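The structure appears right after this line, and notes come after that.
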Amino acid sequence: MRRYFKLNRWRVLLLAVFVLAACETTPAQPTATPTRTLSGPTLAPSPTVLPFPPTEIPLEDTFDGLSDPTAAALPRDSSLPPLAVGIEESGAQMVQLALEAGVLLTGDLYQQGTERLPGVLIIGRDRLAWGSFPAQLQQFGFTVFVIELRDPTNVNDFRVMIDGLNTGLADPNHLAVIGAGVGADLALRGCAVDARCDALVLLSPTDIEALPDLMPQYSPRPIFISASSEDTTSYELAQLLDTAASGEKFFQPLDGAGSGEQMLQNRPDLAGLIASWLTRQLGI
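Here the sequence shown is numbered in the numbering used here, starting from -19 and rising by one per residue.
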């Protein structure tokens, strides 16, 4: 019996030792995971939000692009037709013509209903400087497109202009071009390389260095030239072009009539003369 109690006492002591050892043992700490830090200074967040309103007024006008069925149906390298942007007044509809890189030119369209009549493209610095002349041509039975140019040497602009007249507005087989001043320079440059020009009217052309060399490319198509004697450069150039023309030609010299579009105001008979000449050339 004594031996039994002695063994139990040793068992109790060993159990106590193990319990004390377990209480003194602390769990191992986890290894810290490296974290990324910024080596440069940081910008503190703004304490408040400043919702600045837009400073520009949004455009009211929208323009048709390639999503427009008419535009999407055009063949490659063709141009969009003129876009009406104003209310038709006195028989004229203000339009805009899209050039390369999104440049817009403003013009006036004189059209009689939807019939495709012989067309006349009129080119100048100021579309309003032509006065009643475009309306007179309309009364003679023409579809008239008056456009303001930006560069008298840019033949690509001319191509887009005549495309605008040709796209659904006028009879593509009967087209004439009228230019005044630097507009006359662009008219000859364009018609020299564009076979769609059936007749050409030049009022006070200016580029005496370049234009005479272009006449062989335009001839033998018919040409009407006019200049006033006091406008010495244009008058001399008009005579040179008349001499260089090899087809049907008409030179109308004037005195004291001014230059370019002014001649139509100072000599009202000139407008009727041009209209009658175009009527014969385009078969009206």
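A virtual CB, placed ideally from N, CA and C, is assigned to each residue, including glycine. On a predicted model such as this, the values are computed, not experimentally measured, just so you know.
Would you decide whether residue i is buried or exposed? Buried here means 16 or more other CB atoms lie within 10 Å of its CB.
i, result
"T94", "exposed"
"V83", "exposed"
"N153", "exposed"
"G263", "exposed"
"G170", "buried"
"N146", "buried"
"G252", "exposed"
"D165", "buried"
"S260", "A small fix is needed here, since residue 260 is Arg in this sequence, not Ser. It counts as exposed."
"E241", "buried"
"D193", "exposed"
"P132", "buried"
"L258", "buried"
"G236", "exposed"
"Q232", "buried"
Contact defined as beta carbons within less than 8 Å: I believe residue i pairs with residue j. What is the distance between those atoms, to the nearest angstrom?
i, j, result
"L129", "I142", "That belief does not hold up - the Cβ atoms of L129 and I142 are roughly 12 Å apart, past 8 Å."
"Q116", "A255", "6 Å"
"L101", "F125", "5 Å"
"I203", "A218", "With a Cβ gap of about 10 Å, I203 and A218 do not count as contacting."
"R107", "I127", "7 Å"
"L180", "L168", "7 Å"
"T186", "T212", "In fact, because the Cβ distance is near 11 Å, the residues do not count as touching under 8 Å."
"I188", "E228", "Not a contact, Cβ separation roughly 23 Å."
"C177", "V157", "5 Å"
Can you find the residues in the same chain that come closer than 7 Å, C-beta to C-beta, to residue i, ignoring five residues on each side of it along the sequence?
i, result
"G238", "S208 and N246"
"A150", "R96, L97, P98, G99 and T123"
"S226", "S199 and P200"
"A160", "G104, L183, S184, G240 and E241"
"Q266", "What the structure shows of the chain is the stretch from -19 to 264, and residue 266 is not part of that stretch, so it cannot be assessed."
"A172", "L194, Q197 and Y198"
State the DSSP-derived secondary structure class of residue i, mapped to helix, strand or coil.
i, result
"G82", "helix"
"A224", "helix"
"Q116", "helix"
"G238", "coil"
"E128", "strand"
"A64", "In this prediction, A64 has a pLDDT of 46, which is less than 50 and means its spatial position is unreliable; what the coordinates show is noted afterwards. A64 falls in the strand class under three-state DSSP."
"S209", "coil"
"T133", "coil"
"I264", "coil"
Who are the Cβ neighbours of residue i in its own chain at under 6 Å, not counting the five residues just before and after it?
i, result
"D174", "none"
"L244", "F113, L250 and A251"
"L220", "P192"
Leaving out five residues before and five after residue i in sequence, what residues of the same chain have Cβ atoms less than 8 Å from its Cβ?
i, result
"F140", "A small fix is needed here, since residue 140 is Val in this sequence, not Phe. Taken in chain order, the residues that qualify are S59, L77, A78, L79 and E80."
Segments assigned alpha helix (DSSP H), at least 4 residues, entirely inside the region 145 to 201 | Whole alpha helix (DSSP H) segments, 4+ residues: 162 to 173 and 195 to 198.
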